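The numbering of the sequence shown is the working numbering, which starts it at 120 and goes up by one. Glycine is no exception: its CB is placed at the ideal position from the N, C-alpha and C atoms. The structure presented is a predicted model; accordingly, all values stated were derived computationally and were not measured. The structure under discussion appears below in the form of structure tokens.
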Amino acid sequence: MSVAMDPQVPSYRDQRRPPPWRDVRVLRIVLQVAFLIAVGLLLWYLLGTLRTNLRNSGLPTGFDYLDQPHGTDIRDSDFNPAQPVLDALIVGFLNTIRVAVVGIALATLVGLVVGVARLSTNWLVRKAAAAYVETLRNIPVLVILLFLYTAVVLRFPPISGAFEALGAVIFSNRGLVVPWAEGGPNVGAYLAVLGFALVAAVAIGFWRTRRFDATGQPHHRFLYGVVVLLVFGVLGYLALGRPFAISLPTLDGRVSRGGISLGPEYAALLIALVIYTASHIAEIVRGSILAVPKGQTEAANAIALTGLQRLRYVVLPQAMRVMVPPLGNQYLNLTKNSSLAVFVGYFELTRLTGQVIANGNPAPQSISLLMLAYLALSLSIAAVTNLVNRSLRLETR
């Protein structure tokens, strides 16, 4: 027996769907679109006001000044004063990247060691790590930077009495000179070979990981990856006719030749950012390790793992899931704190932007470029951090 549907009775779909002015999904989209329109109108108004004020003040409203000669030298670089302002800003941007990349790597290493040391069973090691953390994380990074620059780095011996270590490193109040690689005509091809080798090493690492998941046999992915890099590196170096050579620094009177010079300003800035950021990273590491359930450590002890094995194979892989997001925040802080280099005279992006403005160029455009540069760096670090965090995420079914 069938029951005829009354055409005037609304369907189940129509009964469940509220009218648009009460639908949460529709209201959410409308409010977001309205917010974007309001922000766009505000930015348009502010930009119009800025352009009007610049015209009334007789200042340029465009970016043509970027093609004008910069007019001044940039220390510790091959920059020519006749080069345009844009090239000077690029040099500052690269100097900022150099501080950020090296600083992030060193701060992570130091913070990891100190964070693990804070949980050591050795009383002296534990208290020394705690003193390091509690002292440095409670002092402003600018104070640490000024102290290191004026009381430490500038107190190195003069170049005439520079200290040489192992015939490869020169310490003086002019900075640090270390060995460096000088590229030849085939260095570009060699870098391409190394890039291919890196991709191959990563692919082999994934393959060994899947094999381990399928068979339970030891993966040794790190060993396989290192072997691939070494084989490609050595073969590429020989096949391309030694595309680069190591330049060792030598001291000739009051002049150092060869190698690469790291000026006192760069050294002070890098050390200050590393030891300050590492004190915060150490607390992140300590808290992340303590967040791992105690039963995991007891299980590792039960199967007779050593302390290093327990940390490497059991504790740290699980702690990384807690550790990565706050680590990303510290990386962002280190990158933005590099702007404090203006207080010691290191020519990174912020200092060069100030120099460009002091040379009579428009400030609003220069500051806008500075903001965009830091925004690009911050978004890049955040993107990498999110990718790592996503790779560590547990799959739920």
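V475 and V204 look like a contact to me (Cβ under 8 angstroms); what is the Cβ gap, rounded to whole Å?
Locating residue 475 in the sequence shown gives position 356, where the first residue counts as 1. Locating residue 204 in the sequence shown gives position 85, where the first residue counts as 1. Indeed they touch by this definition, with Cβ atoms about 6 angstroms apart.
From I486 to E467, what distance separates their C-alpha atoms?
One-based indexing of the sequence shown puts residue 486 at position 367. One-based indexing of the sequence shown puts residue 467 at position 348. Using only the alpha carbons, I get a separation of about 14 angstroms.
Alpha-carbon to alpha-carbon, A501 and A319:
Position 200 of the sequence shown, counting from 1, holds the residue named residue 319. Position 382 of the sequence shown, counting from 1, holds the residue named residue 501. A319 and A501: Cα-Cα distance of roughly 26 angstroms.
Of the listed residues L165, T227, A270, nearest to S536 (C-alpha basis):
Any property of residue 536 remains undetermined from this structure, which presents the chain solely from 120 to 516.
As assigned by DSSP and simplified to three states, the class of A249:
By 1-based counting over the sequence shown, the position of residue 249 is 130. Here A249 sits in helix by DSSP.
Since T416 sits in a beta bridge, which residues does DSSP pair it with?
Translated into the one-based positions of the sequence shown, residue 416 becomes position 297. According to DSSP, which records beta bridges pairwise, T416 is partnered with nothing at all.
With C-beta atoms as the reference, is P362 less than 8 angstroms away from N448?
Your numbering for residue 362 matches position 243 in the sequence shown. Your numbering for residue 448 matches position 329 in the sequence shown. No.
Spell out the partners DSSP gives V374 in its beta bridges.
Sequence index remark: in the sequence shown, residue 374 carries index 255 (1-based). In the DSSP output, where bridge partners are listed per residue, V374 has D371.
Would you mind sorting Y164 into buried or exposed? The rule is 16 or more other CB atoms within 10 Å of its CB.
Locating residue 164 in the sequence shown gives position 45, counting from the first residue. When all chains shown are included, Y164 counts as exposed.
Limits of the unbroken alpha helix (DSSP H) element including A502
Translated into positions along the sequence shown, residue 502 becomes position 383. Per DSSP, A502 belongs to the alpha helix (DSSP H) from 482-510.
Coil, strand or helix - P139 by DSSP
Numbered from 1 along the sequence shown, position 20 holds the residue referred to as residue 139. Of the three classes helix, strand and coil, the one that applies to P139 here is helix, per DSSP.
Please confirm whether any heavy atom of the ligand GTP lies closer than 7 angstroms to the CB of G378.
The ligand GTP is not among the ligands present in this structure, which contains no ligands whatsoever.
Ignoring anything shorter than 3 residues or poking outside the region 157-196, list the beta strand (DSSP E) runs there in chain order.
none
Under the assumption that G190 contacts A401 (Cβ atoms under 8 angstroms), give the Cβ distance between them as a whole number of angstroms.
Position 71 of the sequence shown, counted from the first residue, corresponds to residue 190. Position 282 of the sequence shown, counted from the first residue, corresponds to residue 401. No, G190 and A401 are not in contact; Cβ-Cβ is about 45 angstroms, not under 8 angstroms.
So V496 packs on A391, CB below 8 angstroms; how close in whole Å?
The residue given as residue 496 occupies position 377 in the sequence shown. The residue given as residue 391 occupies position 272 in the sequence shown. Note that residue 496 corresponds to Leu in the displayed sequence, not to Val. About 19 angstroms separates the two Cβ atoms, so there is no contact after all.
Looking at the structure shown, is P277 part of a helix, part of a strand, or coil, going by DSSP?
Within the sequence shown, residue 277 is the residue found at index 158, counting from 1. The answer is coil: DSSP assigns P277 none of H, G, I, E or B.
Check whether the Cβ atoms of L488 and V443 lie closer than 8 angstroms to each other.
For this step, residue 488 is matched to residue 369 along the sequence shown. For this step, residue 443 is matched to residue 324 along the sequence shown. In this structure, V443 does not lie closer than 8 angstroms to L488 by Cβ.
Would you give the residue range spanned by the alpha helix (DSSP H) that E402 belongs to?
Here residue 402 corresponds to residue number 283 of the sequence shown, with the count starting at 1. That run of the alpha helix (DSSP H) goes 383-410.
Which same chain residues, not among the five before or five after N480, have their C-beta less than 7 angstroms away from its C-beta?
As a first step, residue 480 is located in the sequence shown; it is residue number 361 there, counting from the start. Sequence-distant Cβ neighbours of N480 in its own chain, meaning closer than 7 angstroms and more than five residues away, are Y184, V204.
Quick one, which of D186, A300, L359, F325 has its alpha-carbon nearest A308's?
What you label residue 308 is simply residue 189 of the sequence shown in a count that begins at 1. Comparing Cα-Cα distances from A308 to each of D186, A300, L359, F325, the minimum goes to L359.
Leaving out five residues on either side along the sequence, give the residues of the same chain with a beta carbon under 7 angstroms from the beta carbon of R330.
Start at 1 with the first residue of the sequence shown, and residue 330 comes out as number 211. Excluding residues up to 5 positions away in sequence, Q336, H338 lie with their Cβ nearer than 7 angstroms to the Cβ of R330 in the same chain.
Beta carbon of A418, beta carbon of V441: below 8 angstroms?
Here residue 418 refers to the residue found at position 299 when the sequence shown is read from its first residue. Here residue 441 refers to the residue found at position 322 when the sequence shown is read from its first residue. 8 angstroms or more divides the Cβ of A418 from the Cβ of V441.
On the DSSP bridge assignment, give the partners of A284 in chain order.
Taking the sequence shown and counting its residues from 1, the one referred to as residue 284 is at position 165. According to DSSP, A284 bridges with V288.
Roughly how many whole angstroms lie between the Cα atoms of R450 and L161?
Taking the sequence shown and counting its residues from 1, one reaches residue 450 at position 331. Taking the sequence shown and counting its residues from 1, one reaches residue 161 at position 42. It should be pointed out that residue 450 corresponds to Tyr in this sequence rather than to Arg. Straight-line Cα distance between these residues: approximately 32 angstroms.
Classify V463: buried if its beta carbon has 16 or more other beta carbons within 10 angstroms, exposed otherwise.
Counted from its first residue, the sequence shown places residue 463 at position 344. So V463 counts as buried.
Quick one: what's got a C-beta closer than 7 angstroms to A316's C-beta in the same chain, skipping five residues either side?
Position 197 of the sequence shown, counting from 1, holds the residue named residue 316. Once the five neighbours on either side are set aside, the close Cβ partners of A316 are V347, L348, F351, G352.
Kindly indicate which three-state DSSP category L265 falls into: helix, strand or coil?
As a first step, residue 265 is located in the sequence shown; it is residue number 146 there, counting from the start. The answer is helix: DSSP assigns L265 an H, G or I state.
Assigned exposure category for E301 - 16 Cβ within 10 Å defines buried
Taking the sequence shown and counting its residues from 1, the one referred to as residue 301 is at position 182. Exposed: under 16 other Cβ atoms inside 10 Å.
In terms of alpha-carbon separation, which member of L446, Y356, L506 lies closest to A311?
Locating residue 311 in the sequence shown gives position 192, counting from the first residue. Minimum Cα distance to A311 is reached at Y356.
Beta-ladder partner(s) of F351, from DSSP:
For the purposes of this step, residue 351 is taken as the residue at position 232 of the sequence shown. According to DSSP, which records beta bridges pairwise, F351 is partnered with nothing at all.
Beta bridge counterpart(s) of I365 as assigned by DSSP:
Your numbering for residue 365 matches position 246 in the sequence shown. DSSP, once it has assigned bridges, lists A300 as partnering I365.
Cβ shell of Q187 (< 8 angstroms), same chain only, five flanking positions each side left out
For the purposes of this step, residue 187 is taken as the residue at position 68 of the sequence shown. So the qualifying residues of the chain are P203, V204, N480.
Assumed close pair G324, G344 - CB separation to whole angstroms, cut-off 8 angstroms:
The residue labelled residue 324 in the question sits at position 205 within the sequence shown. The residue labelled residue 344 in the question sits at position 225 within the sequence shown. Contact flag correct, Cβ pair sits at about 5 angstroms.
Just how far apart, CA to CA, sit I223 and V149?
To locate residue 223, count along the sequence shown from 1; it is residue 104. To locate residue 149, count along the sequence shown from 1; it is residue 30. Each residue's alpha carbon lies about 42 angstroms from the other.
Nearest-angstrom Cα distance between T269 and I263?
Walking along the sequence shown from the start, residue 269 turns up at place 150. Walking along the sequence shown from the start, residue 263 turns up at place 144. One C-alpha to the other measures close to 10 angstroms.
Kindly give me the distance between the Cβ atoms of R405 and T416, rounded to whole angstroms, as I take these residues to be in contact under 8 angstroms.
For the purposes of this step, residue 405 is taken as the residue at position 286 of the sequence shown. For the purposes of this step, residue 416 is taken as the residue at position 297 of the sequence shown. With 8 angstroms as the limit, R405 and T416 do not qualify as a contact, their Cβ atoms being about 14 angstroms apart.
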